[in-house]
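J.: Submitted below is the structure of interest, expressed as structure tokens.
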Amino acid sequence: MKLRDKLLLMYVLSVFIPIVVTNVVFYNVTTANIRSQKTRDAGVALNNLKNDLRVTIDQGVGLSYSLYADPVFNDTLSRTFRSHFEYIDAYNSYLKGEFSGKLSQGIRWYQVYTDNPTVLSSGYIERLTEGVRRANWYQQFQSHSAPYPALIAADQMLSLVQRLDNLDTGGIEQLLKIDLNMDLIKEQFRNSGFDGDVYLLDPGGHIRFSNEPQTIDPRLGELYSNIQFPNKIIQFERKFTGINYLEGWSLQGVMDEEIVLREVRKSRAFVVWLACINFVLPTIIIAAMSRSIHVRLVRILKHMKKVKTQNFQTIPPENARDEIGQLTMEFNRMTETIRNLIDEVYLADIQKKDLELKQQQAQLHALHSQINPHFLFNTLESVRMRSLIKGEKETAKMVHHMAKMFRKSISWNQHDVTVKEELELIESFLQIQKYRFGEKLQYRIEADPATLMYRIPKMVILPFVENASIHGIESSPAEGFIELLVSAEHDRLHISLQDNGIGMSPARLEELLGYLDQNTDMGEHVGMKNAYSRLKLCYKDDFSFHIQTWEGEGTHIQITLPLDPERIRDE
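Structure (structure tokens):
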């Protein structure tokens, strides 16, 4: 990146993005806090309205239960009077006094209906006529059969209706209808403090009262679920639970989120202007400084390109004390020095160095010819033949195995070999080790014939065999045994290596596993580290490597590789 682009990127990352993120986070946090506060206040207001509404309804319920539980009152209503004078006497002596003083703040009116033909309509007592039975409230009440009062909404009125059947009425139907004080309920809805619309829903989900300002609410009786609200609203629900006469009734509150966040919206313009100011001032400063740096560096770069074409022109000096001014002066000094070196020393020195380089290359070629691997092979073959002539067959056999190992380790020009070739190399190595240890070392190599032609990375098994013989068997006083098994199962190549050597302690095993997964060098396990690293490089996470060891009893290494049909060599 050019320096100008780096300065621009620095401005974007250090000024623009932090300011934008800070303002956005500040605005969102403020919005969330105000929304949360408004939501809590609305919830409290709705709870208060619920409690006030229940207190008002409980006043009517208390009157209903008092008349329902009065045996004299119920018996008098269901009694058959022989004459009107007998009823009037009963009314004046008992019934009239029973109704006096029953009204309260939450009750607008109450009425007792009976179909007793001997009872006259007077005061709070009315005859239960067919016209009354056709009334909306009576039709709704017919679906209620519980002994407690039912809350009925009819004709923009909330009423409590209860059957007066606590005693045997002899088939006479007696009802108590208590009309609640709607003016008080409207005042409670209006003064609830809920900043939105509140709806009182019956058990069927119909709107029975709300705080909307219309004199005649067109939504009364409408299903609440059918109302189309704006997209961004906050809804509240408070159910009347645990109250039998209010079971299923609920208060639904709806707040427009735009109204809730109106105060935050007012401050949005101020936040935007403040952010613009924070953008403009740093932009002007950084633009001026970056232009000054860019122009002067471009001038130095142009003169440096001229130096590449051996045009050693100096930069006109400037009265600048910053790093770029110092760089300009040092460039001029360097240019003059280079020009002098080229004229006086450099050309001659180049000729001398070129001659020395050619001499070193000739010496290197001579050294390579001296250590030609074929010379070593021929030498080992001469030693083997000499041993055979002298009758030293065992020595000749070991020299043969050594030459075979040396030739294979160098002549393999590919990164992978067949399992068969790898096992032949291991066989030669173990033969040499057996020559060294004698009868102390025994080994067994067994491979499934179907696995011999599969290709694996070269020399990935030998380092573990070498470690088992040198570090495991050599340090053990008992007879050593190494077992190498190769098999194929479920598209996987299983390599199992086990010895009965000295094993390792848990701490030593943990140290070894950590070493294999790191880039460090512990010295004595370089071969194992190299083999493990090449397995990871070839198979990544598609191979498994496990070590089990028992101190003083031996070590078991299990390697599992994927079987790739494309890695089979035809023979």
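Add 1150 to a position in the sequence shown, counting from 1, and you land on the number used in the numbering used here. Built from N, CA and C at the ideal position, the CB exists for glycine as well.
In whole angstroms, give me the CA-to-CA distance for T1180 and V1174.
T.: Counting from 1 along the sequence shown, the entry for residue 1180 is found at position 30. Counting from 1 along the sequence shown, the entry for residue 1174 is found at position 24. About 10 Å.
J.: What separation, rounded to the nearest whole angstrom, lies between the Cα atoms of E1280 and I1322?
T.: Walking along the sequence shown from the start, residue 1280 turns up at place 130. Walking along the sequence shown from the start, residue 1322 turns up at place 172. Going by the C-alpha atoms only, they are around 14 Å apart.
J.: Beta-carbon within less than 6 Å of N1617's beta-carbon, same chain only, minus the 5 sequence neighbours each way: which residues are those?
T.: Numbered from its first residue, the sequence shown carries residue 1617 at position 467. Same-chain partners within the cutoff: M1678.
J.: When we look at the beta-carbon of D1692 and count the other beta-carbons within 10 Å, is it buried (16 or more) or exposed?
T.: The residue given as residue 1692 occupies position 542 in the sequence shown. It is exposed - the Cβ of D1692 has fewer than 16 other Cβ atoms within 10 Å.
J.: Grab the span of the beta strand (DSSP E) containing K1570 for me, first residue to last.
T.: As a working note, residue 1570 is residue 420 in the sequence shown. Segment 1569-1587 is the alpha helix (DSSP H) holding K1570; no beta strand (DSSP E) there.
J.: Which full runs of the beta strand (DSSP E) of 3+ residues lie inside the segment 1667-1702, going along the chain?
T.: Counting only runs of 3 or more, we get 1694-1700.
J.: Report the start-end ranges of each alpha helix (DSSP H) in the segment 1207-1237 that is 4 residues or longer and not cut off at the edges.
T.: Qualifying alpha helix (DSSP H) stretches, in chain order: 1221-1228.
J.: Roughly how many angstroms lie between the CA atoms of W1399 and P1353, to the nearest whole one?
T.: Counted from its first residue, the sequence shown places residue 1399 at position 249. Counted from its first residue, the sequence shown places residue 1353 at position 203. Rounded to whole angstroms, W1399 to P1353 spans 5 Å at the Cα level.
J.: If we call anything under 8 Å between Cβ atoms a contact, is D1598 one with A1628?
T.: Counted from its first residue, the sequence shown places residue 1598 at position 448. Counted from its first residue, the sequence shown places residue 1628 at position 478. Against a cut-off of 8 Å, the Cβ pair of A1628 and D1598 comes out as no contact.
J.: List in chain order: all unbroken beta strand (DSSP E) runs of 3+ residues lying wholly within the segment 1263-1336.
T.: Listed in chain order, they are 1275-1277, 1300-1304, 1307-1313, 1324-1330.
J.: Give the straight-line distance between the Cα atoms of D1202 and R1388, rounded to the nearest whole angstrom.
T.: Indexing the sequence shown from 1 puts residue 1202 at position 52. Indexing the sequence shown from 1 puts residue 1388 at position 238. The straight-line gap from Cα to Cα measures roughly 13 Å.
J.: Quick one: Cα of G1609 to Cα of A1681, how far?
T.: In the sequence shown, the residue the question calls residue 1609 occupies position 459. In the sequence shown, the residue the question calls residue 1681 occupies position 531. Checking the sequence shown, residue 1609 turns out to be Met, not Gly. Each residue's Cα considered, the two are about 7 Å apart.
J.: Of all the CB atoms in chain C, is at least one closer than 8 Å to the CB of R1471?
T.: Going by chain labels, chain C is absent from the structure shown, which holds only one protein chain.
J.: Rounded to whole angstroms, what is the Cα-Cα separation between I1328 and R1418?
T.: Within the sequence shown, the letter at position 178 stands for residue 1328. Within the sequence shown, the letter at position 268 stands for residue 1418. Distance between the alpha carbons of I1328 and R1418: 53 Å.
J.: Does the distance between the C-beta of Q1324 and the nearest non-hydrogen atom of the ligand ZN fall short of 7 Å?
T.: Looking for the ligand ZN in the displayed structure turns up nothing, as the structure carries no ligands at all.
J.: L1687: buried (16+ other C-beta within 10 angstroms of its C-beta) or exposed?
T.: What you label residue 1687 is simply residue 537 of the sequence shown in a count that begins at 1. L1687 comes out exposed.
J.: What does the Cβ neighbour count give for R1747, buried or exposed, with the cut at 16 atoms within 10 Å?
T.: Lying before the first or after the last residue shown, residue 1747 is absent from the chain, which here runs from 1151 to 1721.
J.: Note down the Cα distance separating A1512 from N1650, rounded to an integer number of angstroms.
T.: As a position in the sequence shown, residue 1512 is number 362, starting the count at 1. As a position in the sequence shown, residue 1650 is number 500, starting the count at 1. Residue placement at A1512 is poorly supported in this model, since its pLDDT is 42, which falls under 50; the coordinates are not used for a value here.
J.: By how many angstroms is the C-alpha of V1170 removed from the C-alpha of L1370?
T.: Walking along the sequence shown from the start, residue 1370 turns up at place 220. Walking along the sequence shown from the start, residue 1170 turns up at place 20. Taking the straight line joining both Cα atoms gives about 48 Å.
J.: Out of Q1460, P1297, S1293, K1246, which has the shortest C-alpha to C-alpha gap to G1273?
T.: Along the sequence shown, read from residue 1 onward, the residue named residue 1273 stands at position 123. Looking at the Cα atoms, K1246 is the closest of the given residues.
J.: Exposed or buried, which one is A1438 when buried takes at least 16 other CB atoms within 10 Å?
T.: Here the question's residue 1438 lines up with position 288 in the sequence shown. With fewer than 16 Cβ atoms within 10 Å of its Cβ, A1438 is classed as exposed.
J.: For W1399, which of helix, strand or coil comes out of DSSP?
T.: Here residue 1399 refers to the residue found at position 249 when the sequence shown is read from its first residue. In the structure shown, W1399 sits in coil (DSSP, three-state: anything other than H, G, I, E or B).
J.: Over the uninterrupted alpha helix (DSSP H) stretch that includes G1475, give me the two end residues.
T.: Against the sequence shown, residue 1475 aligns to sequence position 325. Note, G1475: alpha helix (DSSP H), 1473-1491.
J.: Beta-carbon within less than 7 Å of S1164's beta-carbon, same chain only, minus the 5 sequence neighbours each way: which residues are those?
T.: For the purposes of this step, residue 1164 is taken as the residue at position 14 of the sequence shown. Result list for S1164: empty, nothing under 7 Å.
J.: Would you mind reading off the limits of the alpha helix (DSSP H) that contains D1155?
T.: By 1-based counting over the sequence shown, the position of residue 1155 is 5. Counting along the chain, the alpha helix (DSSP H) containing D1155 begins and ends at 1153-1161.
J.: Given this structure, state the Cα-to-Cα distance separating A1296 from R1229, to the nearest angstrom.
T.: As a position in the sequence shown, residue 1296 is number 146, starting the count at 1. As a position in the sequence shown, residue 1229 is number 79, starting the count at 1. Near 24 Å, if we compare the C-alpha coordinates of R1229 and A1296.
J.: In whole angstroms, what is the alpha-carbon distance linking L1213 and V1262?
T.: Counted from its first residue, the sequence shown places residue 1213 at position 63. Counted from its first residue, the sequence shown places residue 1262 at position 112. Whole-angstrom Cα-Cα distance: 12 Å.
J.: Which class does Q1378 belong to by DSSP, given the choice of helix, strand or coil?
T.: The residue labelled residue 1378 in the question sits at position 228 within the sequence shown. Residue state, collapsed to three classes: coil.
J.: Figure out for me which residue from I1238, Y1665, I1707 has the closest Cα to the Cα of L1647.
T.: Counted from its first residue, the sequence shown places residue 1647 at position 497. Comparing Cα-Cα distances from L1647 to each of I1238, Y1665, I1707, the minimum goes to I1707.
J.: What's the C-alpha gap between W1423 and V1162?
T.: Stepping through the sequence shown from its first residue, residue 1423 is reached at position 273. Stepping through the sequence shown from its first residue, residue 1162 is reached at position 12. Straight-line Cα distance between these residues: approximately 19 Å.
J.: Around the Cβ of K1200, are there at least 16 other Cβ atoms within 10 angstroms (buried) or fewer (exposed)?
T.: Translated into the one-based positions of the sequence shown, residue 1200 becomes position 50. Counting Cβ neighbours within 10 Å, K1200 comes out buried, since at least 16 surround it.
J.: Indicate the three-state DSSP secondary structure (helix, strand or coil) for Q1338 in the structure shown.
T.: Taking the first residue of the sequence shown as position 1, residue 1338 is located at position 188. DSSP places Q1338 in helix when its eight states are reduced to three.
J.: Given a threshold of 16 other Cβ atoms within 10 Å of its Cβ, counted over all protein chains shown, does A1657 qualify as buried or as exposed?
T.: If you number the sequence shown from 1, residue 1657 lands on position 507. Per the 10 Å Cβ criterion, exposed.
J.: Taking V1569 as the reference, which of T1601, R1449, T1464 has the closest Cα?
T.: Locating residue 1569 in the sequence shown gives position 419, where the first residue counts as 1. Considering only alpha carbons, the answer is T1601.
J.: Give the DSSP-derived three-state secondary structure of F1420 in the structure shown.
T.: Numbered from 1 along the sequence shown, position 270 holds the residue referred to as residue 1420. If DSSP states are grouped into helix, strand and coil, F1420 belongs with the helices.
J.: For the segment 1452-1469 against the segment 1481-1491, do three or more pairs of beta-carbon atoms, one drawn from each stretch, fall closer than 8 Å, so that the two count as touching?
T.: Yes: at least three Cβ pairs fall under 8 Å.
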